[in-house]
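In what follows, a structure is listed as C-alpha cells, so that the remarks can point back to it.
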Amino acid sequence: MKTKGDLANSKTVPLVSQAPFVTKIRPSEEYFDVICLSCHTQETSQWYKVSWDLTSEHRLCASCYGQYCRSGSNCNKCHRVYSEAIVRQKGRQELLASGTYESGETVQGYPCDYCDGNIIEQEKKRVTTQSIAAPGVCYICKTQRLDTCWREVPWKTGFQWCGTCRSRYGGTATVCGNEDCLKIPVQGELKLMKLIDLDEGLYECLACGAIAKKDIAKKCRTAKKLEKRQGKCFACGPTYSRRWAALPWDKKFPALVCHTCYLLYRAYSGRCLNMNCRKIFKKCEIAKMQKVRKIPGPDGNLCYPCISCKSMTTVIESV
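Printed below as a string of C-alpha cells:
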C-alpha cells in the first residue's frame, strides 16, 4: 500500500490518446489543435480542406495542400501527398503496381514509400472546347456581344436582346417608346421618372423625354430588404449585420463573419492569425503594415505583422 509520501513523489503520467491524429474540430474551443493528414505536422496556422475528400473532417497543412494542387497525387492508405518530381521518377522506373481499397476496389499506382498503399494520381480534367457564342446586336443597347445568351424581344418579333437588358427589364418592366433611345430604367431611375398616367403605366424617359411605358401586368423582380441581425463576428466581435457568412478560409469552422468583414477578406485576403485578435484588415491598414519589417510567418514564409497585436498574418505581398 502506497503512503502519502509515495503518492507525493510519484509522477503523474498523462493519458495519451490512441488516435493518430485529431479528427474533429471542437466548436467549444477558441483554438484547436490539428495534425496534417499527410505529413502529420502541427507547425502551421493555416489549414485547408482535404482536396480529394471535401467532406472529410481532417485538414492539410499549407505545404501539402499546395503540393497536391500541383501534383494531384496521394497515397490511398496513409494519404501521403507526393510531389510531381517523385511521381515522374517512379514513372521512369516503371514501378507501377496494383492494390486494393478497403471496399475491395482494385487500383493501379506507384507503391508508397511509407506504407503498402499505392500512389493515386488525380485524373486530369478533360479539356472541352466550348461552343463559340453566336454574335449578335442587341435591339435595346445596340451593342454587339459574344458573351451573352440571346433571346427574342417579346414585343418585337425577329429582334434579340442581351442578358443585361433582359435583366434590367425584369426589374422594372419599363422601356422608352423612342426607337432611337429604348432606355430600360433600373428601379432607382424609375422612382425619379415623372409619372404621366398611373393606370396606363406611362412615364417620362429620363434620357430623351419621350414616353416610356411600363407593363403593368408583368410582375417585376423586387429586391428584398434585409433587416440587421445581431450576432458575434469571428473577426470584429458582437455587431449587427444584414448578412452573415461562413469563414471564407474555412467554411466548415463553426463561426460566422459579418458582411463587412466578409467583403474585406474577399477583397484583400488579409487577416491576423492570432486567435486572440483575428482582425481582418482594411486596405489602408495593410498599407501601414507594409511599412514595417516582415516577420517569420506560417510555414516559414515572411509576412507583415498585425497592425494591432504584431502577430503573424496572411499579408505577404503588396495590395
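Per full-length UniProt numbering, residue 1 is the first one in the sequence shown, and the count goes up by one each step. All C-beta atoms, glycine included, are put in the ideal place defined by N, C-alpha and C.
_Please classify T41 as buried or exposed, where buried requires at least 16 neighbouring CB atoms within 10 angstroms._
As a working mapping, residue 41 is identified with position 41 in the sequence shown. Burial call: exposed.
*Is G300 helix, strand or coil by DSSP?*
Start at 1 with the first residue of the sequence shown, and residue 300 comes out as number 300. The answer is helix: DSSP assigns G300 an H, G or I state.
*Could you tell me whether the Cβ of R229 comes closer than 8 Å to any Cβ of chain C?*
In the structure shown, chain C cannot be found, because there is only a single protein chain.
*Please state whether DSSP places Q89 in a helix, a strand or coil.*
The residue you call residue 89 lines up with position 89 of the sequence shown. If DSSP states are grouped into helix, strand and coil, Q89 belongs with the helices.
*Take the Cβ of G170 as the centre, count every other Cβ of all protein chains shown within 10 Å, and call the residue buried at 16 or more, exposed below.*
For the purposes of this step, residue 170 is identified with residue 170 of the sequence shown, where counting begins at 1. That one is exposed.
*For R229: DSSP bridge partner residues*: Position 229 of the sequence shown, counting from 1, holds the residue named residue 229. S241, per the DSSP bridge assignment.
*Kindly indicate the opening and closing residues of the beta strand (DSSP E) around T174.*
In the sequence shown, the residue the question calls residue 174 occupies position 174. Segment T174 to C176, the beta strand (DSSP E) holding T174.
*What are the start and end residues of each continuous beta strand (DSSP E) run of 3 or more residues lying completely inside the stretch 252-306, in chain order?*
Complete beta strand (DSSP E) runs here, min 3: 256-258.
*Give the straight-line distance between the Cα atoms of L206 and R168, rounded to the nearest whole angstrom.*
Against the sequence shown, residue 206 aligns to sequence position 206. Against the sequence shown, residue 168 aligns to sequence position 168. L206 and R168: Cα-Cα distance of roughly 15 Å.
*Is DSSP giving A235 helix, strand or coil here?*
In the sequence shown, the residue the question calls residue 235 occupies position 235. It is coil, neither helix nor strand.
_Given E84 as reference, the closest of N76, I307 and C69 once Cα atoms are compared_ = For the purposes of this step, residue 84 is identified with residue 84 of the sequence shown, where counting begins at 1. Looking from the CA of E84, the closest CA among N76, I307 and C69 belongs to C69.
_Going by DSSP in three states, S51 sits in which element: helix, strand or coil?_
For the purposes of this step, residue 51 is identified with residue 51 of the sequence shown, where counting begins at 1. Correct three-state label for S51: coil.
*Which class does I132 belong to by DSSP, given the choice of helix, strand or coil?*
For the purposes of this step, residue 132 is taken as the residue at position 132 of the sequence shown. Reliability of the predicted coordinates at I132 is poor, the pLDDT of 47 falling under 50, and the value obtained from them is presented with this limitation in mind. DSSP places I132 in coil when its eight states are reduced to three.
*From which residue to which residue does the alpha helix (DSSP H) around C64 run?*
Along the sequence shown, one-based indexing puts residue 64 at 64. Annotation: the continuous alpha helix (DSSP H) that includes C64 extends over A62 to S71.
*Between C36 and Y240, what straight-line distance do the alpha-carbon atoms span, to the nearest angstrom?*
Numbered from its first residue, the sequence shown carries residue 36 at position 36. Numbered from its first residue, the sequence shown carries residue 240 at position 240. Rounded to whole angstroms, C36 to Y240 spans 36 Å at the Cα level.
_Residues of its chain near S308, where Cβ-Cβ distance is below 8 Å and the 5 sequence neighbours each way are ignored_ = In the sequence shown, counting from the first residue as 1, residue 308 sits at position 308. Setting aside the 5 residues that flank it on each side, S308 is surrounded in the same chain by C272, C277 and K279, each with a C-beta closer than 8 Å to its C-beta; the list follows chain order.
_Cβ-Cβ distance between I196 and I184 below 8 Å_ = Within the sequence shown, numbered from 1, the residue matching residue 196 stands at position 196. Within the sequence shown, numbered from 1, the residue matching residue 184 stands at position 184. Their beta carbons are not under 8 Å apart, which means I196 does not touch I184 by this criterion.
*Using only alpha-carbon positions, find the residue among I216, I140 and C149 that is nearest to L198.*
Within the sequence shown, residue 198 is the residue found at index 198, counting from 1. For the residues I216, I140 and C149, the minimum Cα distance to L198 belongs to I216.
*Hey, quick one: how far does the alpha helix (DSSP H) through K213 stretch, first residue to last?*
Position 213 of the sequence shown holds residue 213. No alpha helix (DSSP H) contains K213, which is instead part of the beta strand (DSSP E) from I211 to K214.
_Does K310 come out as helix, strand or coil in the three-state DSSP assignment?_
Sequence index remark: in the sequence shown, residue 310 carries index 310 (1-based). Assignment of K310 by DSSP, reduced to helix, strand and coil, places it in the coil class.
*Would you kindly check if the distance between the Cβ of C261 and the Cβ of A235 is under 8 Å?*
For the purposes of this step, residue 235 is taken as residue 235 along the sequence shown, with counting starting at 1. For the purposes of this step, residue 261 is taken as residue 261 along the sequence shown, with counting starting at 1. Yes, the Cβ-Cβ distance between A235 and C261 is below 8 Å.
*With V81 and Q67 assumed to form a contact (beta carbons below 8 Å), what rounded beta-carbon distance in angstroms separates them?*
Numbered from 1 along the sequence shown, position 81 holds the residue referred to as residue 81. Numbered from 1 along the sequence shown, position 67 holds the residue referred to as residue 67. Indeed they touch by this definition, with Cβ atoms about 5 Å apart.
*asked:* Taking a contact to mean a Cβ-Cβ separation below 8 Å, would you say I119 touches C75 in this structure?
replied: The count along the sequence shown starts at 1 and reaches residue 119 at position 119. The count along the sequence shown starts at 1 and reaches residue 75 at position 75. Yes, the pair counts as a contact, with Cβ atoms nearer than the cut-off.
*Please name the residue in G72, K194, K142 and R166 whose C-alpha comes closest to that of V153.*
The residue you call residue 153 lines up with position 153 of the sequence shown. Among G72, K194, K142 and R166, the Cα nearest to that of V153 belongs to R166.
_To the nearest angstrom, how far is the alpha carbon of K291 from that of Q46?_
Sequence index remark: in the sequence shown, residue 291 carries index 291 (1-based). Sequence index remark: in the sequence shown, residue 46 carries index 46 (1-based). Taking the straight line from one Cα to the other gives about 24 Å.
*Opposing strand residues paired with C36 [DSSP bridges]*: Within the sequence shown, numbered from 1, the residue matching residue 36 stands at position 36. R59, per the DSSP bridge assignment.
*Exposed or buried, Q160, counting other C-beta atoms within 10 Å across all chains shown (16 or more means buried)?*
Against the sequence shown, residue 160 aligns to sequence position 160. Buried.
*First and last residue of the beta strand (DSSP E) that includes G109?*
Mapped onto the sequence shown, residue 109 falls at position 109. Note, G109: beta strand (DSSP E), T106 to P111.
*Are Y203 and T174 closer than 8 Å when you measure CB to CB?*
For the purposes of this step, residue 203 is taken as residue 203 along the sequence shown, with counting starting at 1. For the purposes of this step, residue 174 is taken as residue 174 along the sequence shown, with counting starting at 1. Yes, these two residues count as a Cβ contact at 8 Å.
_Cβ shell of N301 (< 8 Å), same chain only, five flanking positions each side left out_ = Within the sequence shown, the letter at position 301 stands for residue 301. So the list reads I316, once near-sequence residues are dropped.
_According to DSSP, residues forming a beta bridge with C98_ = Locating residue 98 in the sequence shown gives position 98, where the first residue counts as 1. According to the sequence provided, residue 98 is Ser. The question's Cys does not apply to it. For S98, which the question treats as bridged, DSSP gives the partners Q108.
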